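K.L.:
Numbering (my numbering), first residue to last: 1 to 94. Have a look at this one before I ask anything.
Structure representation (structure tokens):
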């Protein structure tokens with residue numbers, strides 16, 4: 001069975017007063033999810049906007065990823081395919 005789909009993620013960054021905020025939005029066609037992240041610059045640190053952007057964006061994407069995994073886990077449980085306990089995490093081995 002072949003399945004191809006494209007999801008587009010929009011990433012919005014806002015900076016104000018040493019704080020960078022990010023919002024990542026994905027529309028799956030059936031669900032719209034929003035991840036949020038922030039980065040706070042220490043006033044003693046040099047101002048490098050790219051670092052705040054990277055941290056806030058990464059945290060927003062992590063939040064979005066967590067939400068997608070939670071939805072997938074609920075969907076899997078709804079099919080009756082899981083046994084007791086949590087499924088092992090995907091990705092790199094510990």
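Don't be surprised by glycine CBs; every beta carbon is placed ideally from N, CA and C. Because the structure is a prediction, the values reported are computed rather than measured.
Using C-beta distances below 7 angstroms, list every residue in its chain close to residue 63, excluding the 5 sequence neighbours before and after it, in chain order.
P.N.:
Hits under 7 angstroms: 35, 36 and 37.
K.L.:
So which of 77, 49 and 43 has the shortest CA-CA distance to residue 14?
P.N.:
Considering only alpha carbons, the answer is 49.
K.L.:
I need the DSSP call for residue 26, collapsed to helix, strand or coil.
P.N.:
Note: residue 26 maps to strand in three-state DSSP.
K.L.:
In the DSSP assignment, what are the bridge partners of residue 46?
P.N.:
Beta-bridge pairing links residue 46 to no other residue.
K.L.:
Does DSSP put residue 72 in a helix, in a strand, or in coil?
P.N.:
Reduced to three states, the DSSP call for residue 72 is helix.
K.L.:
Report buried or exposed for residue 19, applying the criterion of at least 16 other Cβ atoms within 10 angstroms of its Cβ.
P.N.:
Result: exposed.
K.L.:
Quick one, which of 26, 57 and 25 has its alpha-carbon nearest residue 40's?
P.N.:
Selected option, being the one with the closest Cα: 57.
K.L.:
Could you tell me the boundaries of the beta strand (DSSP E) in which residue 10 lies?
P.N.:
Counting along the chain, the beta strand (DSSP E) containing residue 10 begins and ends at 8 to 16.
K.L.:
Provide the residue span of the beta strand (DSSP E) that contains residue 38, from first to last.
P.N.:
32 to 40 is the span of the beta strand (DSSP E), which, as asked, contains residue 38.
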